[in-house]
Every structure is written in structure tokens, then in C-alpha cells.
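Presented below is the structure to which this report refers.
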Amino acid sequence: MKVKTKLFLSAIAIVAVTLTFFYIIKMIFRPKVAFIEDDNKLVTKIESPTGHIYYDTTSENINARLVVIVINNDNKMHRVTFILDSNEYKQYNFINSDFKLSGIYEWYPEDLSNDEGTDGRFIGEREIVLQVNEKKYLTIRAIANFGGVKDYRRVGPPVELKILE
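Each number in the working numbering corresponds to the 1-based position in the sequence shown with 418 added.
Here it is in C-alpha cells:
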């Protein structure tokens with residue numbers, strides 16, 4: 419009986435140590451600053467973000483408006499910026515330049531201003547600072563030069579998070 423009890427307790431200890439080890443590895447390799455996707459998955463690039471692009475008749479440019487959620491899981495603050503991938507739209511001559519950030523705005527889920535067409539409070543043009551363990555709801559605005567070919571897909575371009583420091 420003593421041998422079975424010791425064997426059982428040893429098995430439980432091994433399982434506990436193994437699970438703890440995998441949890442620590444998961445914590446080490448998860449991104450420190452990331453986007454939060456719909457299923458609470460942390461990623462550094464979103465292939466199809468919520469948002470759209472459109473041709474602005476007054477400025478004759480292409481405007482992009484994307485809505486993302488960003489979180490800083492690190493124990494230090496970070497400066498971050500966003501890179502919008504314009505390759506697909508350049509390929510079809512919808513734009514002839516890269517998207518350039520024109521504004522980053524913060525909004526709050528309990529604030530309905532984001533659904534009413536406004537972007538929220540302006541917090542930066544090209545980069546923002548995320549404090550320790552901070553989560554931000556953002557609207558990203560960008561512009562690109564019109565390439566001459568109309569495109570009615572209006573899907574937002576892929577967006578990537580880049581940590582500056």
C-alpha cells in the first residue's frame with residue numbers, strides 16, 4: 419500500500435511540475451504588446467482588421483479607418499506604432515503610395531462615440547505610449563495617394579504592431 423501511495427503522489431507531483439513548466443513557457447513566449455482579436459487571441463498582425471477604406475473626393479486621397487484593441491502585458495511602458503500593408507491595393511493600382519498614419523484615436527467601449535462615426539480622443543499622429551498592463555481601444559486613420567483605379571471592396575488593409583521602445 420505504501421508503494422502505491424508514493425507512486426500516486428509522485429505521479430501527481432510530476433503532472434503538477436509539467437503543467438507549471440508549460441504555463442511558464444507560454445508566459446515567456448506570448449507577445450508582450452499585442453492586438454486582441456475577437457476570440458481574445460494575442461497577435462502582432464491582423465490580416466483583416468475591422469474597418470474600411472474609401473476614396474475621399476475633397477482631398478482625392480484614399481483614407482483608411484481601422485478599429486483595433488491593443489494591450490501591453492509587459493511590466494514596462496512601450497512606445498508603439500502601426501504599419502498598414504498596402505501591397506494588395508498597390509497591385510491593383512487602387513493606390514500608388516504606402517498608407518501613412520494620419521491619426522490615432524482612443525475610445526472606450528461604454529462610449530458610443532465610436533459607433534456614431536467619430537473616432538474618439540486624439541492621442542497621437544504616428545505613435546502612442548502604452549503604460550504597464552494597459553489596454554486601449556483605438557481607431558487608426560491613414561491616407562494614401564489614389565492610383566487611378568476604383569476599388570469598391572472597402573476592406574481595411576492588414577495592420578501590424580511595431581514596438582519602438
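Glycine residues also receive a C-beta, built at the ideal position from the N, C-alpha and C atoms.
Range of the contiguous beta strand (DSSP E) that encloses residue i
| i | result |
| --- | --- |
| Y523 | 518 to 525 |
| F500 | 496 to 502 |
Pair within 8 Å by beta-carbon distance, residue i and residue j
| i | j | result |
| --- | --- | --- |
| N490 | V451 | yes |
| E524 | G538 | yes |
Beta-carbon proximity list for residue i, same chain, < 7 Å, skipping 5 on both sides
| i | result |
| --- | --- |
| N479 | I561, A562, N563, F564 |
| M495 | V547, L548, Q549, V550 |
| E545 | R497, V498, T499, L582 |
Reduced DSSP secondary structure (H/G/I, E/B, other) of residue i
| i | result |
| --- | --- |
| F564 | strand |
| N505 | helix |
| F629 | No answer is possible for residue 629: the residues shown for the chain start at 419 and end at 583. |
| Y510 | coil |
Assigned exposure category for residue i - 16 Cβ within 10 Å defines buried
| i | result |
| --- | --- |
| F512 | buried |
| S504 | buried |
Spatial neighbours of residue i in its chain, beta-carbon cut-off 8 Å, leaving aside the 5 residues before and after
| i | result |
| --- | --- |
| R448 | L460, N491 |
| K518 | A560, I561, A562 |
Extent of the continuous alpha helix (DSSP H) to which residue i belongs
| i | result |
| --- | --- |
| T436 | 420 to 447 |
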